[in-house]
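Only one structure is covered here, and it is reproduced in the block below.
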Amino acid sequence: MLMPGMEEQLKKIPGFCDGGIGTTIPGVHGHVNCDVLVGYKAVYRVCFGMAMFFLLFSLLMIKVKSSSDPRAAVHNGFWFFKFAIAVAINVGAFFIPEGPFTTVWFYVGMAGAFCFILIQLVLLIDFAHSWNESWVEKMEEGNSRCWYAALLSATALNYLLSLVAVVLFYVYYTHPEGCSENKAFISVNMLLCIGASVMSILPKIQESQPRSGLLQSSVITVYTMYLTWSAMTNEPERKCNPSLLSIIGYNSTTVPRQGQVVQWWDAQGIVGLILFLLCVLYSSIRTSSNSQVNKLTLTSDESTLIEDGVPRTDGSLDDGDDAHRAVDNERDGVTYSYSFFHFMLFLASLYIMMTLTNWYSPDSSYEMMISKWPSVWVKISSSWIGIVLKV
7 MLMPGMEEQL
17 KKIPGFCDGG
27 IGTTIPGVHG
37 HVNCDVLVGY
47 KAVYRVCFGM
57 AMFFLLFSLL
67 MIKVKSSSDP
77 RAAVHNGFWF
87 FKFAIAVAIN
97 VGAFFIPEGP
107 FTTVWFYVGM
117 AGAFCFILIQ
127 LVLLIDFAHS
137 WNESWVEKME
147 EGNSRCWYAA
157 LLSATALNYL
167 LSLVAVVLFY
177 VYYTHPEGCS
187 ENKAFISVNM
197 LLCIGASVMS
207 ILPKIQESQP
217 RSGLLQSSVI
227 TVYTMYLTWS
237 AMTNEPERKC
247 NPSLLSIIGY
257 NSTTVPRQGQ
267 VVQWWDAQGI
277 VGLILFLLCV
287 LYSSIRTSSN
297 SQVNKLTLTS
307 DESTLIEDGV
317 PRTDGSLDDG
327 DDAHRAVDNE
337 RDGVTYSYSF
347 FHFMLFLASL
357 YIMMTLTNWY
367 SPDSSYEMMI
377 SKWPSVWVKI
387 SSSWIGIVLK
397 V
């Protein structure tokens, strides 16, 4: 629905946009509003439906302690009814009157996406820590030269990419006579990354965390540079915010900038979605009970249950040796918080919404998307929080 020309294609359907088909639909006065069915309005409504579905289940699953709770069966089953509910909420979202809905939902989405960026930071820090710990262990076990070279190369590559990014930022996103905000963002984040890297190798830090090192800092530095770039691509001042296509020498009027219709294939949106998919994949396959991922997705009571070593039942098949039935291994306690699982998906829905619309805000006439400073500050502040979490 974000593809160019989709509205024109819908208008080719006889009677779809200009009367006839909508006359029997409650709330639709004689025609279907094709402006709502395409573009950012469609994104807002579909993601509203997704977000409300997951928020509903997050509230429903509060305090589920084991699979013996009747609500656990709803979480793990009843797929037909859950899909039906999700579809019904999404369809109903298209009947919401325009009014202030888009503007209000934009700020809700921005707040939720900010929270999801913080979750991404936790996942990234956990990934960097696990990566460094794994390679240090292999270096200590044998063939130390090979693994030391690999560790050094990965760290150097991350810092090199960050340095190149800083240089490009100064070249393309600043001007001698202006762009003072961008200059401040780049300089401050660069200094903070240098400070965090120096702190990671201090003797006291090494004593408390002997396997902490520059690899984690280099990963966070690269991600901080990405957040800095992402924030600058949302700056309203066009001369301080060139499109990526214009930077590489391709002049195109279809690139979304202030006063133009947003396109989902903006470089910022593509990179954001790739990072989102990688974080979801990592959180799905990460199973160590000591990881920050598991600590993030468990409630305090459930974390105590695992850390105290309370054994879980291995599960049994209720109906004999039916190999096709799932084994229930959560009778003594759930392995993750069902409520927080759905809450993370609620935030992820808002993050996808903001990413697909490039964090652009609708203007007063709801006819186009424009950059706003709140989006810039959300991303910059999240980069600062990420550095603090690393430290």
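In the working numbering, the protein residues as written are 7 to 397.
Quick reminder that beta carbons are idealized off the backbone N, C-alpha and C, glycines included.
### Query
According to DSSP, is Gly184 helix, strand or coil?
Sequence index remark: in the sequence shown, residue 184 carries index 178 (1-based). Of the three classes helix, strand and coil, the one that applies to Gly184 here is strand, per DSSP.
### Query
According to DSSP, is Asp338 helix, strand or coil?
Position 332 of the sequence shown holds residue 338. DSSP places Asp338 in coil when its eight states are reduced to three.
### Query
With contact counted as at least three CB pairs below 8 Å, one residue from each stretch, are the stretch 60 to 69 and the stretch 106 to 119 in contact?
no
### Query
Which residue comes first and which comes last in the alpha helix (DSSP H) that contains Gly411?
Any question about residue 411 goes unanswered here, given that the chain covers just 7 to 397.
### Task
Using the Cα positions of Val382 and Val204, report the straight-line distance between them to the nearest angstrom.
What you label residue 382 is simply residue 376 of the sequence shown in a count that begins at 1. What you label residue 204 is simply residue 198 of the sequence shown in a count that begins at 1. In a straight line, the C-alpha of Val382 is about 27 Å away from that of Val204.
### Query
With 16 as the cutoff for other CB atoms within 10 Å, does Ser295 come out buried or exposed?
Residue numbering aside, residue 295 sits at position 289 when the sequence shown is read from its first letter. Reliability of the predicted coordinates at Ser295 is poor, the pLDDT of 48 falling under 50, and no value is obtained from them.
### Query
Under the rule that 16 or more other beta-carbon atoms within 10 Å means buried, what is Leu221, buried or exposed?
The residue labelled residue 221 in the question sits at position 215 within the sequence shown. Buried, since its Cβ has 16 or more Cβ neighbours within 10 Å.
### Task
Give the DSSP-derived three-state secondary structure of Pro76 in the structure shown.
By one-based count along the sequence shown, residue 76 stands at place 70. It is helical.
### Exposure of Arg51, with buried meaning 16 or more beta-carbon neighbours within 10 Å
Mapped onto the sequence shown, residue 51 falls at position 45. Result: buried.
### Task
Report buried or exposed for Glu146, applying the criterion of at least 16 other Cβ atoms within 10 angstroms of its Cβ.
Your numbering for residue 146 matches position 140 in the sequence shown. Looking at its Cβ environment, which holds fewer than 16 other Cβ atoms inside 10 Å, Glu146 is exposed.
#### Entry: Where Asn247 sits in the DSSP three-state scheme
Translated into positions along the sequence shown, residue 247 becomes position 241. Correct three-state label for Asn247: coil.
### Message
Taking a contact to mean a Cβ-Cβ separation below 8 Å, would you say Gly118 touches Leu353 in this structure?
### Response
Here the question's residue 118 lines up with position 112 in the sequence shown. Here the question's residue 353 lines up with position 347 in the sequence shown. Taking 8 Å as the cut-off, the beta carbon of Gly118 is found closer than this to the beta carbon of Leu353.
#### Entry: Coarse secondary structure for Tyr179, derived from DSSP in three states
Within the sequence shown, numbered from 1, the residue matching residue 179 stands at position 173. Tyr179 falls in the coil class under three-state DSSP.
### Rounded C-alpha distance that separates Leu124 from Gly392
The residue given as residue 124 occupies position 118 in the sequence shown. The residue given as residue 392 occupies position 386 in the sequence shown. Computed Cα separation, rounded: 7 Å.
### Task
Have a look at Ile280 and Thr361 and give me their C-alpha separation to the nearest angstrom.
Position 274 of the sequence shown holds residue 280. Position 355 of the sequence shown holds residue 361. Their Cα atoms are separated by approximately 11 Å.
### Cβ shell of Thr161 (< 7 Å), same chain only, five flanking positions each side left out
As a working mapping, residue 161 is identified with position 155 in the sequence shown. Around Thr161: Leu220, Leu221 and Ser224.
### Query
Of all the alpha helix (DSSP H) runs that stay within the bounds of the stretch 84 to 139, which reach a length of 4 or more residues?
85 to 99
### Task
Drop a sphere of 10 angstroms on the beta-carbon of Met116, count the other beta-carbons inside from all chains shown, and report buried for 16 or more, exposed for fewer.
In the sequence shown, residue 116 corresponds to position 110, counting from 1. Under this definition Met116 is a buried residue.
### Query
Can you tell which of Asp132, Ser150, Leu356 and Gly83 has the C-alpha that lies nearest to the C-alpha of Ser289?
What you label residue 289 is simply residue 283 of the sequence shown in a count that begins at 1. In terms of Cα proximity to Ser289, the closest of Asp132, Ser150, Leu356 and Gly83 is Asp132.
### Query
Candidates Gln126, Gly201, Lys189 and Asn195: which alpha carbon is nearest Cys246's?
Numbered from its first residue, the sequence shown carries residue 246 at position 240. The shortest C-alpha to C-alpha distance from Cys246 to any of Gln126, Gly201, Lys189 and Asn195 is the one to Lys189.
### Query
How many whole angstroms separate the CB atoms of Ala90 and Phe54, which I take to be in contact at a CB cut-off of 8 Å?
The residue given as residue 90 occupies position 84 in the sequence shown. The residue given as residue 54 occupies position 48 in the sequence shown. Not really, about 18 Å apart at Cβ, beyond 8 Å.
### Query
What separation, rounded to the nearest whole angstrom, lies between the Cα atoms of Cys199 and Thr230?
Indexing the sequence shown from 1 puts residue 199 at position 193. Indexing the sequence shown from 1 puts residue 230 at position 224. So the alpha carbons of these two residues sit roughly 8 Å apart.
### Query
Got a sec? Which residues, its chain only, sit under 6 Å from Asn240 by beta carbon, not counting five neighbours each side?
Looking up residue 240 in the sequence shown gives position 234. Closer than 6 Å at the Cβ level, and outside the excluded window around Asn240, lie Trp365, Ser377, Ser381 and Val382.
#### Entry: Of the residues Asn82, Asn138 and Val172, the one placed nearest Leu158, counting alpha carbons only
For the purposes of this step, residue 158 is taken as the residue at position 152 of the sequence shown. Checking every option, the nearest Cα to that of Leu158 belongs to Asn138.
### Task
Locate the alpha helix (DSSP H) running through Ile68, then write down its first and last residues.
The residue you call residue 68 lines up with position 62 of the sequence shown. Per DSSP, Ile68 belongs to no alpha helix (DSSP H) and is neither H nor E.
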